[in-house]
Structure formats: structure tokens, C-alpha cells
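Protein chains in written order, with the numbering used here: chain U, 18 to 350; chain L, 18 to 350. C-beta atoms are modelled at their ideal positions from N, C-alpha and C, and glycine is treated no differently. This one's a predicted model, so the numbers in the text were calculated from it and none came from an experiment.
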């Protein structure tokens, strides 16, 4: 990074209503046992009420507005709106993308928009990396609004019902990035993909191949390959590489933020990251489940509020992206 | 750009089989008149034969392989695969994206992947801008493979049947970018979005809102707003801004490449760009129709082969992105 880019503010916009995991399992005909409950470590998830105000894009607009207000940034000074949503959008291409709607509705009318897709929860780091490079590279650009809105497919909140991996909720979030921000500096991002896993987790329906079969409009996970992917090892390797490039050691890292998949997933991360995964991750996972793109902003805000990190502390954000794209970002508070 | 990034090689992979526009109009029940024919200026378009080898992602893999061969780049040295496809993909999120498959199949196993969506034909410039910033910004990155594969929805090759705007074909293409490339230097890109047009052109079916209604799996264009968007003026304004930033004038530009939408669209571009739109655009449009993301690589290759530009010449690539995201890139041959 030639000119340091940092997080000025972040915001989450979540549905008021929450559903218990037990309730969602019952609704989706999935067997709920104490064993599964312990493995997931999720008690309840926010679920949209079905009204337009809680559509993915409208929640994203609300999160975007709030992040800009918190950052005290005039929407007209936003140079780029970068969208990192993970779940299916309200409509499909060629030029639909919630980023376009967010740009119009938050009033960022001098910006251009960029939408990412296909990186799972790592989309956030991909967006962060790309936006930081653009702000750092172009003297004419100073401010980026990163935004996501992810709502689940009704009847498809439990991922992989035969052997549940996570329970997904609805939500949106936004992050304002600026060059020369006083803190939350995005030092660097390391990304790595295993393209062989391109079909490890996808929705076969609603696509060009199966546009018409509604029964295929479900997230399909290849659990054997998902389990086999060396998630924690890959993320630790990327982290060590990233830290080395920044002239740091893992002992310099104050804490690690991961996605809120399950307690099983977190246990593996704790092991690889020597117990440094922040307790805010477990707490948010229990109370919100997996919120896709919103996991990182939610955990980042909780970490800041917790007071457990101080200015100058190094924090890693890590995401294994379901085995396809793994990502690590390094921040200095 | 601190370290110049340039196009090392480009490649297009198109279906062998072509369909005449008259034939496609008949198939889709659209009235074919000499007036419409003249306005479109498209004679035939390549259409996939239905076999797996001509799926969007498999054509993208073929184009990617060929571009790497032409560039004499070992796939293992590719740092990032950037996908800029525009049409619906074979499958949907969360981690499906043809970029992941391309990464695996071309053997770019040390790279990470990035997929863009929602920018129409401007996706290419968005991808170019983002990849150039990443290569220029990060000393650890040198080579990017940009790739697209776009296949049309059967029965939906004529855009806006009531008042046809373009005829779309199938195809794939790839571009290899490298820092310190000897030519095809990507000097800069200017992007601008009008988010109010987020719903100017989209596919309502197959999405989160209408996953099940196959009749909605069609590209819907709001022609009145499409016509009203000041395409040529916007692109000329962006071009002038870009040229000024580069310390150049429009008189320094040898020629302009635009998307292959229609002869009507090109006429407007010719006027705004003082007759500098290259004749290769009209020729490719007539013989291929609108190939979405592949229009630019196809025109770029034809321009190079035409011998009408020499080393050091400045070329603009422009795309109005259906009124949502407008984009201009400046190259030095």
C-alpha cells in the first residue's frame, strides 16, 4: 500500500425478528439433536419479515446510509460503491446488481459501481483488496462504500440438512473505506483459490442450465470435499505469508476475526490461530448464525465495542470461502 | 498507473455455427423488416451447438488457454483470474463462478479468482481497471488473466422484441495483462454509474424474487429509459476527462472501439467521437452481433490485425453499459 487506506466506519442492518434454530430445523424437516446443536453453536438467526423494507437491497441501502453517516461522509464524495453480496440477488444480470440500486438510493451519484460474485464469504476481502488497490493507486479516488445484503432462500436456512454445516440468517452491512483514514488501516490482503472446488457449493436452479426447476433452487454442498479442504491450514499459511510481507510475526497479532459458521469451524480456527480468535465471533455466531457477507462487519463492530483492542493493534480477518477462495486481511486498529 | 500494465495477448473462442438474424427473428416470433435490419446492421451471430464443449465456461476455458499460449505465459505464474461475464452463468452463487472453473482448468493454481457482475458490457473495463490497479499496486503480483464466457438464453437472442435493440450471440474471450508489458498499455480507465438505471435491463426470473417462473427468465429492457440515457455524451465526457488526466487531447486518439450493439448505436458513437470509431466494429457487428463481454477483445484483435494502428497510437475503448455503468479505457499500442 503506497497510501494507507482504512475503515472509517461500518454498519450492520439486521431484521428485528429472530427465529430459533430449533424452529428452523423443524420447519425444514431437519433432525435437531443436542449433538448437532453443540456442533453448530447457533441459537437463533435474524430472518426477514417478508416486507419490502427487509429485502436484501433495501437493507443494504439502510446499512450504506448509516455507515456514511457514522463516517461523516457526504454521499456525493463517494468514488466507488463496491458490492460483496454472496446470496442470490433479487434479480439477475446483465446490469442488475444491488450495488447500482444502493448507489442511487444513498445518493452516491458521482461514483461508479462494482459488483463481485462467486467468492462466498471471502467476497468481502476480495472487495476490500480491490477497493484498497483502487484508492491507493488512483489519486483521483479517495472514498469507497462497500456494501452487502444477503437474504436466505426460504426453506433453505440449514445448509446441508443431512449433516448440517451452518444455519444462515438475513442481514446487510456496509463499510466506508478512505485513503489516509486515521485507523482501521487495511495493511494488505492475501487471497488464494482452489478452482477445483468451483462446484463445492452452488445453487443449480435459477441458472442458465436449470432456470425452471424450482426444486434445484437450493444451496448444494459437497460435504466430503468441504470437509477435506484444509481450511485452517490454508488460512494460517496465507496469514503467515501476509505477515511476513508486512514485516510482522504472528505474535504481533492481537486477535483474529473469522466467519460465523459453527462452533466446530471456530474450534479448528482457534487451534490454527493459537487461541487468538476473538470471543466476539462465538458470541455473534450464537446470536446471529452465519450472515454471509455481514459476518465480518458484525464481528469488527463488536470487537471495537468490546474495548479489547487498542489503537495500533494488529487484527487478522480470515475466511475460507467454502473451500474455493480463501482470504486473509490484515488491519491495524 | 505507477507501473505500466499492458495487454500481452487476447483470444476469442466462438461457436463454429452461425445463425442468420432473419432466422432468429422468425424463431422468436419477431417481425423482421428492412427498416429493423438496417437499424441493427447485424447479419448473423454465432450460436452454440448445445454441446458441453460450447457451454459458456468451457468456451471461457478454451479462450483462457489460448490467450496464455499466445502470451507465452505459464499458467502457474498467473496471479489472478478475473471474470467479466455478463450473461447468466451456468450455476448460481455462493461460490460458483466460471472464474473458479477456469482457474482450475487452465492450471492457474497459484492464483486467486475474482468475479464481477452487474455492469453489462462495461464489466470488461471494470475488470481491467481493477486488475490494472492490483497489478500496479502489489509488487507481488505481475500477471492477470481476464476471462468471459457469455451464452444467450434460448428464445431470447433478440433484445426487446417489440422494438429490437440488438441481436445477441454466444462466445468467450480472454485477455492476459502483465505489468511492464511491451505494448497495449492500459493507461487509465474512467467509470461512472447512474444507479437510477439499476432496473433498466435485467432478468426477473431465476432470481431470489422469482426463482420459479420460467416465463420471467428473459432479459427485460426499459426501452424508453434506455433511449433517454445520454450514451454518447456521457462516453465523450468521460473520455475527455480521462484524456485530460493523461495529459492528452482527443486529437491524439487514433481510434475508438465500441460495443457491437447496432448500426444505430454506432452512428451515435461516430458522431460523438468525430468519426474515429474503427471500421472493425461495424464489420464485427455485422458478422457476430453483440457478443457481450467478447465485443471488446474481438474488436481489439481485429484492430491489431488490420494494421491500421501502429506502436505508440492511442486507442479508446468505450461502453455505455446499457445506461447503468459507462466506461472508457485508454490504451497505448
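- Which bits of chain L does residue 216/U rub up against, with CB to CB less than 9 Å? Within 9 Å Cβ-Cβ: 108, 112, 113, 117, 118.
- If you drop the 5 nearest sequence neighbours on each side, which residues of the same chain put their C-beta closer than 8 Å to that of residue 299/L? Here the set comprises 58, 280, 283.
- Could you check what DSSP says for residue 350/L in three-state terms: helix, strand or coil? coil
- Query: Does DSSP put residue 21/L in a helix, in a strand, or in coil?
  - Reply: Coil at residue 21/L, not helix or strand.
- Task: Using a Cβ-Cβ cut-off of less than 8 Å, list which residues of the region 261-292 of chain L approach chain U; keep chain order.
- Result: 262
- In terms of alpha-carbon separation, which member of 168/U, 90/U, 28/U, 111/U lies closest to residue 69/U? 168/U
- Item | Classification of residue 341/U by the beta-carbon crowding that lies within 10 angstroms, buried from 16 upward | buried
- Query: Whose Cβ in chain L lies nearer than 7 Å to the Cβ of residue 346/U?
  - Reply: The contacting residues do not exist; residue 346/U stays about 13 Å from chain L at best.
- Query: Under three-state DSSP, which class holds residue 345/L?
  - Reply: strand
- Message: In the DSSP output, what is residue 133/L paired with across the bridge?
- Response: BP columns for residue 133/L point to 133/U.
- Query: Relative to the alpha-carbon of residue 49/L, which residue among 178/L, 311/L, 213/L has its alpha-carbon at the smallest distance?
  - Reply: 178/L
- DSSP-derived helix/strand/coil call for residue 167/L: strand
- Chain-ordered chain U contacts of residue 39/L [CB-CB under 8 Å]: Those do not exist, as residue 39/L stays about 25 Å from chain U at its closest Cβ, beyond 8 Å.
- Rounded C-alpha distance that separates residue 32/U from residue 191/U: 15 Å
- Message: What would DSSP say about residue 33/U, mapped onto helix, strand or coil?
- Response: For residue 33/U, the three-state secondary structure derived from DSSP is coil.
- With a threshold of 16 other CB atoms inside 10 Å of the CB of residue 194/U, please say whether the residue is buried or exposed. It counts as buried.
- Message: Considering just the uninterrupted stretch of the alpha helix (DSSP H) at residue 2/U, what are its terminal residues?
- Response: Chain U is shown only over 18 to 350; residue 2/U falls outside these bounds and no answer can be derived.
- Query: DSSP puts residue 161/U in a beta bridge; with which residues?
  - Reply: 97/U, 194/U
- Task: Could you tell me which chain L residues have their CB closer than 7 Å to the CB of residue 135/U, listed as they occur along the chain?
- Result: 110, 112, 113, 114, 116, 117, 132
- Message: Short of 6 Å in beta carbon distance, which residues of its chain neighbour residue 355/L, apart from the five on each side in sequence? Order them along the chain.
- Response: This structure leaves residue 355/L out entirely; chain L is present only between 18 and 350.
- Task: Return the residue from the list 122/L, 109/L, 155/L, 154/L that minimises the CA-CA distance to residue 357/U.
- Result: Outside the shown range of chain U, which is 18 to 350, sits residue 357/U, and nothing can be said about it.
- Message: Threshold first: 4 residues or longer. Then list the alpha helix (DSSP H) segments lying entirely within the region 298-332 of chain U, N to C.
- Response: 312-323
- Message: Once DSSP output is grouped into helix, strand and coil, what is the label at residue 59/U?
- Response: coil
- Message: Mapping the DSSP letters down to three states, classify residue 64/U as helix, strand or coil.
- Response: coil
- Do residue 135/U and residue 130/L have their CB atoms nearer than 9 Å? yes
- residue 103/U at chain L interface by Cβ criterion, 9 Å: Interface residue, yes.
- Item | Host alpha helix (DSSP H) of residue 108/L (start-end) | Segment: none, residue 108/L is in no alpha helix (DSSP H) and carries neither H nor E.
- Item | Amino acids of chain B, ordered along the chain, whose beta-carbon sits closer than 7 Å to that of residue 83/L | Of the chains in the structure shown, none is chain B; the protein chains are U and L.
- Using a cut-off of 7 Å between C-beta atoms, extract the partners of residue 221/L located in chain U. Here the neighbours are 108.
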